[in-house]
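Residue numbers (the numbering used here), protein chains in the order written: chain A, 38 to 256; chain B, 38 to 256; chain C, 361 to 574; chain D, 361 to 574. Beta carbons: idealized from backbone N, C-alpha and C, even for Gly.
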Amino acid sequence: MNGVHDMGGFQGFGPVEPEADEPVFHAEWERRVFALTLAMSPPGGWTLDTSRYMRESLPPAQYLSSTYYEIWLAALERLIVERGLASPQEIEAGRSQEPAKPVKRRLKAEDVAVTLGRGGPALREAGTKARFAEGEAVRARNLNPTGHTRLPRYVRGREGTIVAVHGCHVFPDTNAHGLGEQPHWLYGVEFTARELWGPEARAGDTLRVDLWEPYLDPV
Amino acid sequence: MNGVHDMGGFQGFGPVEPEADEPVFHAEWERRVFALTLAMSPPGGWTLDTSRYMRESLPPAQYLSSTYYEIWLAALERLIVERGLASPQEIEAGRSQEPAKPVKRRLKAEDVAVTLGRGGPALREAGTKARFAEGEAVRARNLNPTGHTRLPRYVRGREGTIVAVHGCHVFPDTNAHGLGEQPHWLYGVEFTARELWGPEARAGDTLRVDLWEPYLDPV
Amino acid sequence: MNDEADHHHHDHAELSPVAARVRALESLLVEKGYVDPAALDELIDTYETRIGPQNGARVVARAWVDPAYRERLMTNAGAAIADFGYSGRQGEHMVAVENTPDTHNLVVCTLCSCYPWPVLGVPPVWYKSPAYRSRAVIDPRGVLAEFGLSLPEAVSIRVWDSTAEMRYLVVPMRPEGSEGMSEDALAALVTRDSMVGTGLALTPEEARKAGRVT
Amino acid sequence: MNDEADHHHHDHAELSPVAARVRALESLLVEKGYVDPAALDELIDTYETRIGPQNGARVVARAWVDPAYRERLMTNAGAAIADFGYSGRQGEHMVAVENTPDTHNLVVCTLCSCYPWPVLGVPPVWYKSPAYRSRAVIDPRGVLAEFGLSLPEAVSIRVWDSTAEMRYLVVPMRPEGSEGMSEDALAALVTRDSMVGTGLALTPEEARKAGRVT
């Protein structure tokens, strides 16, 4: 989806404002949203890709006027409702009004360390040969899917060079929508800053971005 | 400026919602903002290009969460303050606290019809020959100026065809910033939908957009 | 508004915050002598009651009945439109674009809200909305569907993005069943949406149902 | 939070709207049996006190003192980082990228907030801000200037946009004046920003001034 979350290249957001001695969280509710989001993933059964799509598909004005953990909260609520884990009324009330939905998995305190340490690798066994090799010239396709994608707008149509072959990775464009992992080869692709931003960009500056094979055409 | 005002191609704003029997204005304050904006242009001395820049350079979250005339109001207030016509304190108070700034022009009621009927033509005498002619292939440059521009992001780097030569028009990129009208040749340029949006677009669909000569390269 | 503005302090509380802010601003600008309240009223009256899509409708109706006028409109829209006395602000550089059985025209301004004021008045909310501005260029058929308009498969869409001071007036196709109608009667078939491209001209039957003709 | 949640109704009024909403949500999800409150506390404690940039700093310091380790880190970052026991969530596929006198690396996630948690913890607010996400790719020098970092003219910038599950750890250059320092002492020179690319490793002098070493 071409959304405001696809921020690369916008110029109107003002200066970056680093905070000295920034705490990990700025309020107790941020801690809880963070933890709830991680803890609800096993019972909810959604993927990271789906979570990302829920966040980026919030109404654009809401997305831009929310803080980071407000966005997480809104997306978590949407996921909970969408998966039938609770109703909007229950979320408003903060009280259960219907039986809980049976869930297969639940994160226990004693499993937190092992679960985090294992993570969720995205690398899958390759069923095909990689189409591109290091050093090859490619062009990012001009795709404009209405669903989730990890092909930023600012690289579409631009020519770059394969600089890494990362193996076959879960494909977010399908995985986010429950259409399966459909692993595809993932490549590190280098673009010159001038190719991306025109002649005003500094010669020698480059950008590298990871792109799946369906995002790329040979040149 | 690459801003959220440059909306062509976004997909997350939901459906278009036409209103049946829509009135020209939805509130008395909208009438007044509309009229104040038009009436303040002669005493303020700013150009339409400057007004547009003031609107599009509002903070993105504000731009997207404001209604149309709220954006006009915010931009008008910024112009008034920036040109020293009133202070922020006076605007808050709604009362004059300092002498008015002498202004050269003021729109009188009896001049409204003539002033509107004359408008503000943007066509200027050509000092140069047009670089491009109808039928020529051109490519929109990949320019990313931080100031005002009328080169939408979605055409940058795309190849099209000159379909009209409109004459020399005031150049918004300079005029918006008080750098003069610097008229340039203006062209109607046609792009195929597939060139702009990729192979999923319908064959035969096209888009036409008016682009100034400095936005274009020959192909 | 002129005399209202003088006692805005006592009735402030009844206004929404933005309405109060606007009233205060007007009061200030009048007090400073920058604006003439009567000019504000005149501006509002002009666009609320005098300039609107009825202007464009007359232009289109004449083009339907008068081939010579149509020719002038298509080659020099500004001059042809000036026949009716319509000119000026946000219509300084007019271009008329004609729908055909093969091509449907749709006008948008992705960057702001450019719109041909002298012939259509000020734009409706949807024309200025992010939804329309964003999707008219990438998904014109989806947008038309939201207006209840479904074009035949074979028709191509030509979208006009008004980035400069050129302003585009769509000349819709003359509807079936309108043969022999007078120019004035035809004008009642020409809606605002049909001159932006989000609609077609009404058939006489549709116009009757919509209460546009008796 | 567990027992707090049980009586959230009486102290609701003191909370901000969002805090109250989160408390109600937690209460609901605990009541439904989906989440274990102790697991929430454990998750928070993990990222608030145990996993953070001190992890990455130890990795970088070892790479500075141990050429064989550096070689492993650059060719198989995941395995090299696992030497310290750091692994897992948001660090499943690690890549280390080294600054050189010619090239400075800068990491961003334009689409969301991808960041190598096992070595850096969860990202700071600026990393997740629209300002950083939008401008790091188009104006990296302007962004670095806002961090007080001005690179020599000759240095090129290589920006890494984390679009997939690959996570990038910048290995900053070992600062001057750090010769002969122990691995532990060197780790104190390695800031979070230096491992994202918005800063350089501190000189011993700078680290002393910043109170990172005594």
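Burial is judged here by how many other beta carbons sit within 10 angstroms of a residue's own beta carbon; D:Q450 has at least 16 and is buried. With the criterion set as a beta carbon lying under 8 Å from some beta carbon of chain B, the members of the stretch 160-180 of chain A are R178, N179, L180, in sequence order. Scanning A:P209, A:G225, A:V226 for the CA closest to the CA of A:E218 turns up A:P209.
In chain order, I498 make up the part of chain D whose C-beta sits under 7 Å from the C-beta of A:W234.
A distance of 7 Å or more separates the beta carbons of A:A163 and A:H206.
Against chain A, the beta carbon of D:W424 has no neighbour under 7 Å; the closest one sits roughly 24 Å away. Taking a beta-carbon distance threshold of 7 Å, A:R195 does not count as an interface residue toward chain D. Beta-bridge analysis with DSSP links C:M526 to C:H453.
One thing to note: B:T104 has its Cβ no nearer than 7 Å to the Cβ of B:N212. For C:Y487, the secondary structure class from DSSP, reduced to helix, strand or coil, is helix. Listed by position along chain A, the residues whose Cβ is nearer than 8 Å to that of B:A98 are A98, L101, S102. The Cβ atoms of A:R89 and D:C472 sit closer than 7 Å to each other. In the pairwise beta carbon analysis, the stretch 69-87 of chain B is classified as touching the stretch 132-146 of chain B: at least three pairs are separated by under 8 Å. Residue nearest to C:L480 within the set C:E374, C:I441, C:G416 is C:G416 (criterion: CA-CA distance). Annotation note: the stretch 457-511 of chain D contains the following uninterrupted beta strand (DSSP E) runs of length 3 or greater, listed N- to C-terminal: 463-468. Judged by their CB atoms, D:G448 and A:R155 are nearer to each other than the 7 Å cut-off. In the three-state scheme derived from DSSP, where H, G and I count as helix and E and B as strand, D:R422 is classed as helix.
The residue among D:P461, D:A398, D:S554 with its C-alpha nearest the C-alpha of D:P532 is D:S554. Residue contact with chain C for B:T243: present (Cβ-Cβ distance below 7 Å to some residue of chain C). At a cut-off of 7 Å between beta carbons, B:R68 contacts chain C. Around B:V41, the beta-carbon contacts reaching into chain A at under 8 Å are V41, F47, G49, P97, L101.
One thing to note: A:W222 has its Cβ no nearer than 7 Å to the Cβ of A:E196.
Contacts with chain A (Cβ-Cβ distance below 7 Å) from the stretch 99-131 of chain B involve L101, S102, listed in chain order. In terms of beta-carbon proximity, A:M38 lines the interface with chain B, with at least one pair separated by less than 7 Å. For A:S103, no alpha helix (DSSP H) segment is defined, and its DSSP state is neither H nor E. For D:R552, the secondary structure class from DSSP, reduced to helix, strand or coil, is helix. Within the stretch 413-438 of chain D, no residue has its Cβ closer than 7 Å to any Cβ of chain A. The CB of A:E250 never comes closer than 9 Å to any CB in chain B; the least such distance is about 16 Å. Your pair D:S494 and A:G46 checks out as a contact, with CB atoms roughly 7 Å apart and the cut at 8 Å. By the neighbour-count criterion, in which a residue is buried when 16 or more other Cβ atoms sit within 10 angstroms of its Cβ, A:L253 is buried. Under the Cβ criterion (8 Å, minimum of three pairs), the stretch 515-524 of chain C does not count as touching the stretch 396-411 of chain C. As computed with DSSP, A:A201 is found in a beta bridge with A:G225. Residues of the stretch 373-395 of chain D with a Cβ closer than 9 Å to any Cβ of chain A, in chain order: L375, S376, V378, A379, A380, R381, V382, R383, A384, L385, E386, S387, L388, L389, E391, K392, G393, Y394, V395. Of the other Cβ atoms in all chains shown, 16 or more fall within 10 Å of the Cβ of D:K392; this residue is therefore buried. Contact between the stretch 53-73 of chain A and the stretch 485-494 of chain D is present, with at least three C-beta pairs closer than 8 Å.
Checking the DSSP bridge columns, you'll see B:H206 partnered with B:L160, B:H221.
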